[in-house]
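Engineer:
Protein chains: 2
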Amino acid sequence: MNQEPSEHNSENGHPVRYWPRDSILEAWRLNSSLKDVANRCRLNAITAIQVAGSGHIGTSLSSLDIMVAVRRFLGGKTFLSTSTDRVFFSSKGHDAPAFYAVMHACGQLEDSDLFTLRRLGGLPGHPETITPGVATNTGSLGMGISKAKGFVKAQRLAQRDSRLPVVVMLGDGELNEGQIWESLPGAARDGFSELVAIVDANAIQSDTWTGSTLPMGDVRKRVEGSGWRFVECQGNDPDDVLRVLEESEKSNLPTFVWAQTVKGSGVPWMERFPENGEYYKFHSGAMDPILYAEASSILINAVAEGREANAENLLLGRPEFDALTPRARTESMLTLWERMLCDVMARDERVVALDGDLSFDTGTHLARHRFPERYIQSGIAEQDMVSMAGTLALSGHIPFVHSFSTFLTMRATEQIFNNATEYSQIIYMGFLSGLVPSAPGFSHQAVTDVGIMSSIPGMRVFEPACETELRWVVGQALEHKGPSFIRMGGLAPLSPAESEASSVERISGIEVALVSSGPLLAHQAIEAKDLLLDKHGVRAGLFSAAEITGNSLEKLAKELESYRTVVVLENHNPALAKYEVLKNLLGAKPAVRVSRLGLDGVPANGQPQEVLRYHGFDAVSIAGSVVDVMGQ
Amino acid sequence: MNQEPSEHNSENGHPVRYWPRDSILEAWRLNSSLKDVANRCRLNAITAIQVAGSGHIGTSLSSLDIMVAVRRFLGGKTFLSTSTDRVFFSSKGHDAPAFYAVMHACGQLEDSDLFTLRRLGGLPGHPETITPGVATNTGSLGMGISKAKGFVKAQRLAQRDSRLPVVVMLGDGELNEGQIWESLPGAARDGFSELVAIVDANAIQSDTWTGSTLPMGDVRKRVEGSGWRFVECQGNDPDDVLRVLEESEKSNLPTFVWAQTVKGSGVPWMERFPENGEYYKFHSGAMDPILYAEASSILINAVAEGREANAENLLLGRPEFDALTPRARTESMLTLWERMLCDVMARDERVVALDGDLSFDTGTHLARHRFPERYIQSGIAEQDMVSMAGTLALSGHIPFVHSFSTFLTMRATEQIFNNATEYSQIIYMGFLSGLVPSAPGFSHQAVTDVGIMSSIPGMRVFEPACETELRWVVGQALEHKGPSFIRMGGLAPLSPAESEASSVERISGIEVALVSSGPLLAHQAIEAKDLLLDKHGVRAGLFSAAEITGNSLEKLAKELESYRTVVVLENHNPALAKYEVLKNLLGAKPAVRVSRLGLDGVPANGQPQEVLRYHGFDAVSIAGSVVDVMGQ
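Chains A and B, in that order, give the protein sequences. Under the numbering used here, the first residue of the first sequence is numbered 220, with each subsequent residue one higher. Under the numbering used here, the first residue of the second sequence is numbered 220, with each subsequent residue one higher.
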């Protein structure tokens, strides 16, 4: 059996090692232990992350033994992707590097594919059906059991003779999401005994221990109470996982497997995280080259020695990390916000900060220590977080609600709307807004957030590009007696000199105005301005609009009137309905006046004729408005 | 004690009876039994509904004893509304008539207020903070425990000496919602022992028995597993309810009370619903005058005789209703859809229908009998329903997903987006879209749905106004290899003659075009057209646009070019971002060309520079686009 991995020179400049597909296929063929295969996949997973420059190491390593066992359980040669086949997918999805490594080990991916992780056209950061063999797009947490139920139902509608298992892997942090608990009873009602949900229970979620975040209580009771069978196993012992999977076939109930694992399993210094640890270091992100070299050696030795990689004797003397300080990072909109949030909370005792298990990634981690009473860790439970913010606001507080924009604006939309109908002052802080960071994939790229949030009554939508703008935006939000949405990212802010540019550019001879919001497109626009002058002889002026909707744009519009051409850069999808579409289509005919009679804000309620009149929608009001428009 | 109720002549033309506030206050003062007060409130609740012409009878009657007991438990003179006080609110909210009746009984509302239910400026159909004494807006199911937690947290931040109870009432159908289960663990973690959730467990949800919809399993185990104390009581025995509420004060854990009730409690023929009954008749809607007269007599007798109103001897010989046939109703967009869905399912075996406990209100109730295999009752679990539709679509099915538009587009937004990133063909059928029906209030009036759904990549958004348009729309959706959203309502469709109007109106001399979508505004526009001609001498042409976004509007735009003025009627809020706002603001300066460079569709993922280039957002692409625009 091949005990020597291959080398690959990454674009990052340092060599990486991996097990070629053929060597693993040979190991399978020679009836290698499941653990051996899993350890080969471990190397390939961390190598893929290393080449990509980012990815989730800890969960990839904790879940690998489960994935290999499921692979053996399903028995076929490949992970199969459609309802005509046995289905396995990971709901948490950020274990994608492990998933790909096992697909590769089963002959479904080429060696070269491993080095396309998180690249355009390559293997997405979270699983997507664009990769043959991936059953469904995941990474938006909590959807897995519902999706598995759809596959089961489809198989049943296909009326096959035998019931093929559908296996979905969950994270234990993911159990915070209400949809998990919402989806359980229907499977019991419908007798979906071929459904297996297996939890990669590594006990550490995004920032820290699940027990210090949002403890799930007695999961066995909750699951059994929902009509499922509940079993436990050792999740880093693939043979034990295989045993419970095989047992599940005898059950009349859907099976929920609690597979106890260790985050970072296989690399001893990734496995150690003290009980009072606050920031697990290997949740996401690539390693520095020295650490990578050591981790890869450990994993290669494990295969060579036929031992379990997490045996103590493989520890190569790595000192334990300081688990109480967060991972280092450079100045960004996020770090600006971390400090500013503390200032805001110090100045105004009404301010409370709510956080959805993203303390480190949404900038609450300084405030949580300074103002523990006014910091609320909601866990990965955005609906709960937003509704709780609602009544805190009704009680006189000013909540700042933190999450990634996709989760915040789409998981809790109805809750945000409900709060808006109470006219409450709530400030929604959405991170990872827009196209970049683009490596994690759709589930983490908020492009619909502006359309959604600008539909919510009374919502002001902001996107600051620098410290000055952030300060202005927060000030506006604190003055606005209604909800605000602040689109944020982890990108470098414009420097003071750069943000000055928009005002000093107001010199004569400027032919075109570029209007951006946020640092991503401002930085691009700054470069484009130079290109325009150098390559095309076009002088461009730059404008950064810190508010995306609303009245503050009037001032900007006045400034723009002196330009012949205005190009607006929007780091989000449009949300256009009939009036805007028709106005655009008729735009070439300036003789046509197009006017909108439509709703806005919170709708009135009452009897139909009352509210039609109230909104100017009854026939008399419409006729009057039409006459007014015609007279303009 | 006053045993004679007063009379009121409703606008509906028949007399109604009610207990004046002073008579109930006197009963309280004379230490009348809680049941006596509850029965007085029962009459007032059904009378308020009768005058309003709509409202939820069954749940109002089942919950009244609980509400009166909570009132006694909280001890003060009023239901108090802010975190500085003891808080009680109903999360399900459709028991608002009962809530108002108890507020009235506590002296918080005038007699005349009872007759303003569901009227503009009156008492909203679901509770809203606009009514002093209402703590928070409810009626969007599942938010209650989260909201109660916000009140508890606010009280704790206020650092009072004693911990005042916060009581929230839930429906048992409401327990379908994942947010309920999401919100439990945090209260246990934080030791919110002053929190009491009490379930009005009347065992019947919107259409039928909870056990035939989505059985919740062993609720005790699920709740105890989440770290709460679980107790049971007889919910129509207010003394028993009071007992468990008082016990809750000794608990160190938050308390979850399962209060067994009878839907329609107090009126024997509302209480009887056979085990195989499909459509409970008294879920919502006013009664015919004869039934109302009988129900009110029963409730008045109960007070007079000092007995429990639900004693068998109060049955006045009402024959049992046919519980297997649905409530009667007139032809509407909904009834058109009921039949059309059957046609679609008969023609194409791939079609499956998913329904969120609104079979009768979203038009699946014929199909569920004809195609039981392809009908999926998801319960009040929209997230689960939408994700399940996603994998059914990936497996080759064409799911039609039914709910009210507010719940469908806002509770399951991230799930809809996730499905869209798989480019799946899924047809979302949203009912109660737009301003009318307006009586239920914000939670049921979808005004943000267009902004939200038109933000979703690949989504076509339709709003048909008549049978012909509905047929066209469904045909378009069945051909579209992506998601569609069809805005529906229960309103009368345009007649064939009316829908012809838009084509025959294309005669010369027409000065203004009115463009509507859907029956509500089309009907108003038809009237407005006559008014314009009669009162203002203006000839108007009518256009109905069955698609709200997208390319089909191009044809319409061509037709509109011949008009000087076009007025677009939009039965929803706008969702405007920077580009559209600036274009509108600069509209008066035709010399200014305003162009958008923005995202659309599903965002690419990969490394930042890769995706910036892909979307034309890197500096080189921006410079090129600017030059192109300037050359136009």
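Idealized CB from N, CA, C, for every residue including glycine.
Which first and last residues belong to the alpha helix (DSSP H) in which THR667 of chain B is found?
Structural biologist: For the purposes of this step, residue 667 of chain B is taken as residue 448 along the second sequence, with counting starting at 1. Counting along the chain, THR667 of chain B falls outside any alpha helix (DSSP H), and DSSP gives it neither H nor E.
Engineer: Whose C-beta lies closer than 6 Å to the C-beta of ALA572 of chain B among residues of the same chain, with five residues either side of it excluded?
Structural biologist: Within the second sequence, the letter at position 353 stands for residue 572 of chain B. Taken in chain order, the residues that qualify are THR583, ALA586, TYR594 and PHE619.
Engineer: Cutting at 8 Å between CB atoms, please list the residues of its own chain near GLU641 of chain A, excluding the five before and the five after it.
Structural biologist: The count along the first sequence starts at 1 and reaches residue 641 of chain A at position 422. GLY609, ALA612 and LEU613, listed in sequence order.
Engineer: Could you tell me which chain B residues have their CB closer than 8 Å to the CB of LYS440 of chain A, listed as they occur along the chain?
Structural biologist: Here the question's residue 440 of chain A lines up with position 221 in the first sequence. What LYS440 of chain A touches in chain B: LYS440, ARG441, GLU443 and GLY444.
Engineer: Give the interface partners of MET286 of chain A over in chain B, defined as CB-CB distance under 7 Å, in chain order.
Structural biologist: Translated into the one-based positions of the first sequence, residue 286 of chain A becomes position 67. Here the premise fails: no neighbours, minimum Cβ distance about 20 Å.
Engineer: What does VAL813 of chain A reach in chain B if we use C-beta pairs closer than 7 Å?
Structural biologist: In the first sequence, counting from the first residue as 1, residue 813 of chain A sits at position 594. Correct list: VAL785 and VAL787.
Engineer: So, for SER703 of chain A: in the same chain, excluding its five sequence neighbours on each side, which residues have a beta-carbon less than 6 Å away from its beta-carbon?
Structural biologist: Counting from 1 along the first sequence, the entry for residue 703 of chain A is found at position 484. ILE646, ARG679 and ALA696.
Engineer: Nearest-angstrom Cα distance between GLU688 of chain B and SER597 of chain B?
Structural biologist: As a working mapping, residue 688 of chain B is identified with position 469 in the second sequence. As a working mapping, residue 597 of chain B is identified with position 378 in the second sequence. If you take the alpha carbons of GLU688 of chain B and SER597 of chain B, they lie about 28 Å apart.
Engineer: Name the chain A residues whose beta carbon is nearer than 7 Å to that of ALA794 of chain B?
Structural biologist: Counting from one through the second sequence, the residue named residue 794 of chain B turns up at place 575. Residues of chain A passing the Cβ test: GLY670, SER673, SER674 and ALA794.
Engineer: Just to confirm the assignment, what range does the alpha helix (DSSP H) spanning PHE619 of chain B have?
Structural biologist: Indexing the second sequence from 1 puts residue 619 of chain B at position 400. Run containing PHE619 of chain B: none in the alpha helix (DSSP H); it sits in the beta strand (DSSP E), 617-623.
Engineer: Starting from the N-terminal side, write out each stretch of the beta strand (DSSP E) that is 3 residues or longer and does not extend beyond the region 575-645 of chain B.
Structural biologist: For the region 575-645 of chain B, whole beta strand (DSSP E) runs of length 3 or above, ordered along the chain, are 594-596 and 617-623.
Engineer: With distances taken Cα to Cα, identify the nearest neighbour of LYS188 of chain A among A:LEU394, A:VAL306, A:SER431 and A:GLU401.
Structural biologist: Absent from the model: residue 188 of chain A. The displayed extent of chain A is 220 to 851, so no value can be given.
Engineer: When you compare each of A:LEU262, A:ALA547, A:GLN269 and A:VAL845 to THR164 of chain B by their alpha carbons, which one comes out closest?
Structural biologist: Nothing about residue 164 of chain B can be read from this structure; chain B reaches only from 220 to 851.
Engineer: Have a look at THR549 of chain A and PRO712 of chain A and give me their C-alpha separation to the nearest angstrom.
Structural biologist: Here residue 549 of chain A is taken as the residue at index 330 of the first sequence, counted from 1. Here residue 712 of chain A is taken as the residue at index 493 of the first sequence, counted from 1. Distance between the alpha carbons of THR549 of chain A and PRO712 of chain A: 11 Å.
Engineer: Since I believe ALA639 of chain A is in contact with GLY677 of chain A (beta carbons under 8 Å), could you give me their beta-carbon distance rounded to a whole number of angstroms?
Structural biologist: By 1-based counting over the first sequence, the position of residue 677 of chain A is 458. By 1-based counting over the first sequence, the position of residue 639 of chain A is 420. Going by Cβ atoms, the distance from GLY677 of chain A to ALA639 of chain A rounds to 6 Å, so yes, they are a contact pair.
Engineer: Is the distance from the Cβ of SER662 of chain B to the Cβ of THR625 of chain B below 8 Å?
Structural biologist: Reading the second sequence from its first residue, position 443 is the one you call residue 662 of chain B. Reading the second sequence from its first residue, position 406 is the one you call residue 625 of chain B. Cβ atoms of SER662 of chain B and THR625 of chain B: closer than 8 Å.
Engineer: Leaving aside the five residues before and after GLY855 of chain B along the sequence, list all residues of the same chain whose C-beta is less than 8 Å from its C-beta, in chain order.
Structural biologist: Chain B is shown from 220 up to 851; residue 855 of chain B falls before or after that span and cannot be answered.
Engineer: With distance defined between alpha-carbon atoms, name the residue in B:ASN803, B:GLY756, B:LEU555 and B:SER674 nearest to LEU205 of chain A.
Structural biologist: The structure shown does not extend to residue 205 of chain A, since chain A spans only 220 to 851, so no value can be given for it.
Engineer: Thinking just about the alpha-carbon of each residue, which of A:TRP556, A:TRP238 and A:GLU601 is nearest to the one in GLY709 of chain A?
Structural biologist: Here residue 709 of chain A refers to the residue found at position 490 when the first sequence is read from its first residue. Closest by alpha carbon: A:TRP556.
Engineer: Could you check whether LEU788 of chain A and VAL731 of chain A sit closer than 8 Å to each other, using their CB atoms as the reference points?
Structural biologist: For this step, residue 731 of chain A is matched to residue 512 along the first sequence. For this step, residue 788 of chain A is matched to residue 569 along the first sequence. No, Cβ-Cβ distance for VAL731 of chain A and LEU788 of chain A is not below 8 Å.
Engineer: Using three-state DSSP, classify LEU244 of chain A as helix, strand or coil.
Structural biologist: Residue numbering aside, residue 244 of chain A sits at position 25 when the first sequence is read from its first letter. DSSP places LEU244 of chain A in helix when its eight states are reduced to three.
Engineer: Kindly indicate which residue of B:SER425, B:HIS742 and B:VAL693 has the alpha-carbon position closest to the one of GLU717 of chain B.
Structural biologist: In the second sequence, residue 717 of chain B corresponds to position 498, counting from 1. Minimum Cα distance to GLU717 of chain B is reached at B:HIS742.
Engineer: How far does the beta strand (DSSP E) with TYR798 of chain B in it reach, from first residue to last?
Structural biologist: Within the second sequence, numbered from 1, the residue matching residue 798 of chain B stands at position 579. Segment 797-804 is the alpha helix (DSSP H) holding TYR798 of chain B; no beta strand (DSSP E) there.
Engineer: Could you tell me how far apart the beta carbons of SER652 of chain A and GLU682 of chain A are, in whole angstroms, since I believe they sit closer than 8 Å?
Structural biologist: Residue mapping note: residue 652 of chain A aligns to position 433 of the first sequence, counting from 1. Residue mapping note: residue 682 of chain A aligns to position 463 of the first sequence, counting from 1. Contact holds; Cβ gap of about 7 Å.
Engineer: Residues in the same chain with beta-carbon distance under 7 Å from VAL460 of chain B, minus the five sequence neighbours each way, listed in chain order, please.
Structural biologist: Within the second sequence, residue 460 of chain B is the residue found at index 241, counting from 1. ASP284, ILE285, ALA288, CYS452, GLY454 and ALA478.
Engineer: Alpha carbon to alpha carbon, what distance is there between LEU740 of chain A and SER302 of chain B?
Structural biologist: Counted from its first residue, the second sequence places residue 302 of chain B at position 83. Counted from its first residue, the first sequence places residue 740 of chain A at position 521. Residue confidence is low: SER302 of chain B scores 40 on pLDDT, short of 50, so the model does not pin down where it sits. No coordinate-derived value is stated.
Engineer: Cβ closer than 9 Å: which chain A residues qualify as neighbours of LEU801 of chain B?
Structural biologist: As a working mapping, residue 801 of chain B is identified with position 582 in the second sequence. Ordered by position in chain A, the residues that pass the 9 Å Cβ test against LEU801 of chain B are VAL734, ALA764, LEU772, LEU775, ALA776, LEU779, VAL785 and VAL787.
Engineer: Determine the extent of the alpha helix (DSSP H) in which HIS699 of chain A is found, giving its start and end residues.
Structural biologist: In the first sequence, the residue the question calls residue 699 of chain A occupies position 480. Run containing HIS699 of chain A: none; DSSP gives neither H nor E here.
Engineer: Kindly list, in the order they appear in chain A, the residues whose Cβ is closer than 7 Å to that of PHE370 of chain B.
Structural biologist: Counting from 1 along the second sequence, the entry for residue 370 of chain B is found at position 151. Per Cβ cutoff of 7 Å: THR610 and SER614.
Engineer: Would DSSP call GLN424 of chain A helix, strand or coil?
Structural biologist: For the purposes of this step, residue 424 of chain A is taken as the residue at position 205 of the first sequence. It is coil, neither helix nor strand.
Engineer: Check the DSSP bridge columns for MET648 of chain A and list the partner residues they point to.
Structural biologist: As a position in the first sequence, residue 648 of chain A is number 429, starting the count at 1. In the DSSP output, where bridge partners are listed per residue, MET648 of chain A has A:HIS621 and A:ILE705.
Engineer: From the DSSP secondary-structure annotation, give me the bridge partner or partners of HIS227 of chain A.
Structural biologist: In the first sequence, counting from the first residue as 1, residue 227 of chain A sits at position 8. In the DSSP output, where bridge partners are listed per residue, HIS227 of chain A has A:VAL235.
Engineer: Just grab the DSSP bridge partners of TRP477 of chain B for me.
Structural biologist: Position 258 of the second sequence holds residue 477 of chain B. Paired residue(s): B:VAL418 and B:GLU451.
Engineer: Exposed or buried, what is ASP507 of chain B when buried is set at 16 or more other beta-carbons lying within 10 Å of its beta-carbon?
Structural biologist: As a working note, residue 507 of chain B is residue 288 in the second sequence. So ASP507 of chain B counts as exposed.
Engineer: In terms of residues, what are the limits of the beta strand (DSSP E) holding GLU466 of chain B?
Structural biologist: To locate residue 466 of chain B, count along the second sequence from 1; it is residue 247. From DSSP, GLU466 of chain B is part of no beta strand (DSSP E) but of the alpha helix (DSSP H) over 457-467.
Engineer: Can a CB atom of chain B be found closer than 8 Å to the CB of ILE268 of chain A?
Structural biologist: The residue labelled residue 268 of chain A in the question sits at position 49 within the first sequence. Taking Cβ atoms only, chain B never reaches closer than 8 Å to ILE268 of chain A, which makes this a no.
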